[in-house]
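Under our numbering, the first residue of the sequence shown is numbered 125, with each subsequent residue one higher.
Take a look at the structure below.
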Amino acid sequence: MLEDVEEDYFKLDDWDASDIAPWVDTWSQEQAAKAYPNLDWTLYNTFKKRIAPVDYLCSAFLDSYPIRKDADSEAPGPEVQASIDNLFERT
């Protein structure tokens, strides 16, 4: 069954900016500053999140919304990440 999840696909409060690599954060801020010269940086930093690519990938196989980031989640993230690591060399 297809469900319209609107804004509740991910429980965004579960994620934060702690997994953002410093160079990615710097690059992202530079790009945002170019596109939005009058950007409110306090507001930008308040809502800054990083949902890991493996979390996005695994979300495609879930049907319980909103998707939460927690250890007891049904998301197959660790198993998927292990398979990806076995297939591709990490850089």
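For glycine and all other residues, C-beta sits at the position ideal for the given N, C-alpha and C.
Query	Result
Collapsed DSSP secondary structure at residue 180 in the structure displayed	helix
Status (buried if at least 16 other CB within 10 Å, exposed otherwise) for residue 134	buried
Exposure label - residue 208; buried when at least 16 CB within 10 Å	exposed
Within 8 Å, strictly: CB atoms of residue 143 and residue 184	no
Unbroken alpha helix (DSSP H) run spanning residue 149, endpoints	146–159
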